[in-house]
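**Student:** Residue 1346 is where the sequence shown starts when you use this note's numbering, and the numbers rise one by one after that.
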Amino acid sequence: MSQIRIGLLILALNIFNINCYSLTPTPSKKQIVKLTEQASKYIHELNYEKSLIASRLALHYAIDAKNDNLIAISYNIIGRNYDNLSEYDKAISFYKKGLIYANRTNNDTIKDWINNNLGNIYCFQKKQYKEGINYYKNALKFGEKIADPTEIYLTKLNITWAFFDNGQFDEGFPYLEFINKFQKKYGDETTVVALNMLNGMYYGFKEEREKATASFLNGIKLGNEGKEKSDLSYTHQEYSKYLLKNGDYKKAYENLVLYDKITEELNNKEMIKKANMAGINLELDEYKREIDKIETEKDLQYQSLKKSQVIVLLFVIVLFVLLLLVYTLYKNNIFKKKTNKDLSLANEKLFLAKEKAEEASILKSQFVSTISHELRTPLYGVVGITNMLLDEHKELANSPHLSSLKFSARYLLSLVNDVLQINKIEENRIVLENLTFNISDEINMIKNSLSFIAKNNNNFIFVNIDPAIPEYLIGDKLRLSQIIINLVSNALKFTKNGEVFIDVNLSKVTDKMHFIEFKIKDTGVGIAVEDQEKIFEKFVQVGRKEVDYQGTGLGLSIVKRLLGLFDSDISLESTIGVGTEFTFTIAFEYDPEKTNEIINNIPVDLSTYKLLKVLVVEDNKINQIVTEKILKNNNYTCTLVDDGFQAIKILEVENFDIVLMDINMPLINGFETSRRIRHKGIKIPIVALTAFDKEEITEEAISAGINDIIVKPFDSVKLFKVINVLISKTKIAV
Ligand code: ADP
């Protein structure tokens, strides 16, 4: 059978010694071709060992040379070797490898051969006819492409046999027709026995007995005459089957015996062949391993190539990313430098602006304090002289002009004081003092001092003080009074024929702190809801009518800021036409021990109401007159000097009880004068009478030896109190 189902490979044309090849270096293409031809020749000589050595070497070189065509050819030869050695699975695996490489080439001949070889194994060894016939058909396709009629003829004969063997006579018939038609042209003595057998099989299937018998007998005759013994044995076998089917048992038996006989002879040869091969089987496995190794190496090479390609690609990507990073860093750096430069420029500008703003703020407060000082000095004169006029000329008491003058001067004075106060709070120059006081006394004092305004609008003031509040508390009573005076005087201003309530209650006690809640309530005009927030802003007055009341619009903003110093806030409830209620809470300290200490330290007034001699140092003539008048009205003797030098001079020769010293004077100011007086060892009490704010000059006054400060325009009661305290202290000291 193998003669017809012929394995296709290259017939070696040249024989040369395979041993002349070493594994390196790679020989030329021509040499590899020769090696494959030699391997093919060894197959025909049934020398599979040498054929495998040569084909393995050829495969190795072909792989090295990356020649797909020669790789395919080498695999085909290796497959063919295993096919002949009945190692069909190995053969199939090598053929298939060969086919993969063959399909990458334009060599249709090798594709034809390998497909044909695979068809043989699948149909006649594996009995997988469908798959095998597909391979045959592929082989046919390539055979037609290369236009090799002998190849086509052989393949079609194989297909016919495969179909008939599988009982598919109708499918095989067209191929049978073809091979019958072209036997003379393309067939030869190796195909003619099988051709007759196939015809016999077909006619037998068609029950055309005469034709069938003639075909079988013709095949047997030709087989006996020729060399194709294997096909002869198959013809006997098929003829025997045919005879058996037709009941001719005797002949069937005779043919079967012939079949066995020929097969046995052939098998014997095959056996010898196989026996020859047995010795080399072990080595064959070794060759296979070698071949696998070559393939593995190739795979490894390919993979490492792939790996190195991946590494190169990764390297390129990383390099690119790094370059991008460096570029971004560079750009960032430039941007940063630029931004830094811009920032430092902006910083410089800001710094300059801040310095300017601070300078402006200092200038502003200096301006405010200078202006208020400058305003206070003449105002002192205006208020003082107005009072003097009213005192000395009682007939003018009802003069509207004079009362207008007095009103205007007082208004101006309170405006200046308010502005100054706001300025001081805003600059954090106010520090709360700790004085001991009695809430009831303070509130009643306020009530009394405001009773005049209350009467003007026909209002009544009601005071209600919680008896739970301790008698003495510690805190800044002056600021508290200021807050209450502002609120109560507002209540009195905006209420007519009504009532004003001052409610003071103890709301809670923690440790030493007593939280006192103050409520100032009136039954006046009320404040519209939309105005309730605004009124705490500076200079805000709602619905002001000149004739109704006076005010600067600063009262409530001073209240709010002062309460801020106490860590407190103010709340407001008001209804138009019903009235207004302001509430705030302040925590005062309650500490009887501390209170006793403070009380004990209050200087006692030991004045004996004797005539006191006062030296007034003042450059402003009007103020001289006012101060002299106030002093004389209180039975003090008063000596006036215009400047500091005169004061020092007179003090050296004459005794006085106290000096009232103006600060802002030409030639030599009050501080310097006092310093010189002290320098001369004169210990007389000196009171600075100044339009400056007390806090502003306290430090310098103390260092110049001044004992106390009274701010103009002053309350004469306060002046006398200070004078008396100082004189009594001096006496005690003496
Ligand atoms: P002013 O010097 O005008 O009193 P304030 O700051 O003390 O300035 O008050 C601001 C405004 O708030 C006042 O002009 C008035 O319209 C309103 N106001 C304050 N207290 C009362 C009150 N008890 N009743 C009605 N309106 C008030």
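Built from N, CA and C at the ideal position, the CB exists for glycine as well.
Among L1917, E1862, L1960 and S2073, which has the Cα closest to the Cα of K1879?
**Tutor:** It is L1917 whose Cα lies nearest to the Cα of K1879.
**Student:** Would you say the beta carbon of Q1969 comes nearer than 7 Å to a heavy atom of the ligand ADP?
**Tutor:** For the ligand ADP, not one heavy atom lies less than 7 Å from the Cβ of Q1969.
**Student:** So, using beta-carbon positions, are L1724 and V1764 closer together than 8 Å?
**Tutor:** The answer is no: Cβ separation not under 8 Å.
**Student:** Alpha carbons only, please: which of S2061, N1591 and T1505 is nearest the one belonging to E1516?
**Tutor:** Per the Cα distances, T1505.
**Student:** Going by DSSP, which residues form a beta bridge with K1853?
**Tutor:** Its beta-bridge partners are F1860.
**Student:** Exposed or buried, V1870, counting other C-beta atoms within 10 Å across all chains shown (16 or more means buried)?
**Tutor:** So V1870 counts as buried.
**Student:** Three or more beta-carbon pairs under 8 Å between the segment 1595-1608 and the segment 1573-1585, yes or no?
**Tutor:** Output reads yes: the segment 1573-1585 touches the segment 1595-1608.
**Student:** For L1627 and I1478, I'd like the C-alpha separation in whole angstroms.
**Tutor:** Confidence is the limiting factor: at L1627 the pLDDT is only 42, short of 50, which leaves the residue's position unreliable and the question unanswerable from this model.
**Student:** Is G2015 helix, strand or coil when you go by DSSP?
**Tutor:** Helix.
**Student:** According to DSSP, what are the bridge partners of E1934?
**Tutor:** Note: E1934 sits in a beta bridge opposite I1819 and M1858.
**Student:** Span of the beta strand (DSSP E) holding A2033?
**Tutor:** Segment I2031 to T2035, the beta strand (DSSP E) holding A2033.
**Student:** Is it true that the segment 1767-1777 meets the segment 1807-1814, where meeting means three or more beta-carbon pairs spaced less than 8 Å apart?
**Tutor:** No, because fewer than three Cβ pairs between the segment 1767-1777 and the segment 1807-1814 fall closer than 8 Å, the two stretches do not touch.
**Student:** Do the segment 2024-2041 and the segment 1701-1719 make contact, defined as three or more Cβ pairs closer than 8 Å?
**Tutor:** The segment 2024-2041 vs the segment 1701-1719: in contact.
**Student:** Identify the continuous alpha helix (DSSP H) that holds N1414 and give its terminal residues.
**Tutor:** That run of the alpha helix (DSSP H) goes D1413 to N1429.
**Student:** Can you check which of these residues, K1866, K1853, K1857 and I1814, is closest to V1833 by C-alpha distance?
**Tutor:** Answer by Cα proximity: K1866.
**Student:** List the whole-angstrom C-beta distance separating I1819 from T1781, where the pair is believed to meet the contact cut-off of C-beta under 8 Å.
**Tutor:** Their Cβ separation, rounded to whole angstroms, is 5 Å, which keeps I1819 and T1781 in contact under 8 Å.
**Student:** Quick check: the segment 1434-1454 against the segment 1401-1419, are at least 3 beta-carbon pairs closer than 8 Å?
**Tutor:** Taking 8 Å as the limit for Cβ pairs, the verdict is that the segment 1434-1454 does touch the segment 1401-1419.
**Student:** For the segment 1488-1497 against the segment 1520-1532, do three or more pairs of beta-carbon atoms, one drawn from each stretch, fall closer than 8 Å, so that the two count as touching?
**Tutor:** Yes, the segment 1488-1497 is in contact with the segment 1520-1532.
**Student:** For the ligand ADP, is there any heavy atom lying closer than 7 Å to the beta carbon of L1901?
**Tutor:** Checking every heavy atom of the ligand ADP against the Cβ of L1901, one is found closer than 7 Å.
**Student:** To which residues of the same chain is T1371 closer than 7 Å at the C-beta, ignoring the five residues directly before and after it?
**Tutor:** If we look at T1371 and ignore the five residues flanking it on each side, its Cβ neighbours are Y1406, D1409 and A1410.
**Student:** According to DSSP, which residues form a beta bridge with S1919?
**Tutor:** T1925, per the DSSP bridge assignment.
**Student:** Quick one: give me the first and last residue of the alpha helix (DSSP H) that I2051 is part of.
**Tutor:** It is not in any alpha helix (DSSP H) - I2051 carries neither H nor E in the DSSP assignment.
**Student:** My parser needs the alpha helix (DSSP H) runs of 4 or more residues fully inside the segment 1494-1534; what are they?
**Tutor:** If we require 4 residues or more, the alpha helix (DSSP H) runs fully inside the segment 1494-1534 come out as 1494-1510 and 1514-1531.
**Student:** Could you please give the first and the last residue of the uninterrupted alpha helix (DSSP H) stretch that includes K1435?
**Tutor:** Its alpha helix (DSSP H) spans residues Y1433 to A1447.
**Student:** Assuming N1978 is part of the alpha helix (DSSP H), what are its boundary residues?
**Tutor:** That run of the alpha helix (DSSP H) goes K1966 to N1978.
**Student:** Return the CA-CA distance between I2068 and V2032, expressed in angstroms with no decimal places.
**Tutor:** Approximately 8 Å, taken between the alpha carbons.
**Student:** For S1396, count neighbouring Cβ atoms within 10 angstroms of its own Cβ and tell me buried if that reaches 16, exposed if not.
**Tutor:** Buried, because 16 or more other Cβ atoms sit within 10 Å of the Cβ of S1396.
**Student:** Indicate the three-state DSSP secondary structure (helix, strand or coil) for I1806 in the structure shown.
**Tutor:** Strand.
**Student:** Taking DSSP as the reference, what is the three-state secondary structure of I2002?
**Tutor:** Per the sequence shown, the amino acid found at residue 2002 is Asp instead of Ile. Three-state DSSP puts D2002 in coil, outside helix and strand.
**Student:** Report the rounded CA-to-CA distance for I2029 versus I1967, giving the unit in angstroms.
**Tutor:** About 26 Å.
**Student:** Can A1992 and T1972 be called in contact, C-beta distance under 8 Å?
**Tutor:** Contact flag unset, no.
**Student:** Here's a check: name, in chain order, each residue in its chain whose Cβ is nearer than 7 Å to the Cβ of F1680, leaving out the five neighbours to either side.
**Tutor:** Cβ within range, chain order: n/a, list empty.
**Student:** At which residues does the beta strand (DSSP E) containing K1472 begin and terminate?
**Tutor:** K1472 -> no beta strand (DSSP E), and no H or E assigned at all.
**Student:** Can you tell which of N1591, L1601, K1551 and F1550 has its C-alpha closest to the C-alpha of I1565?
**Tutor:** The option with the nearest alpha carbon to I1565 is L1601.
**Student:** Which stretch, first to last residue, makes up the alpha helix (DSSP H) that contains V1378?
**Tutor:** Unbroken alpha helix (DSSP H) run through V1378: K1374 to H1389.
**Student:** Could you check whether the Cβ of A1447 sits closer than 8 Å to any Cβ belonging to chain B?
**Tutor:** Structure shown: chain B not included; a single protein chain is present.
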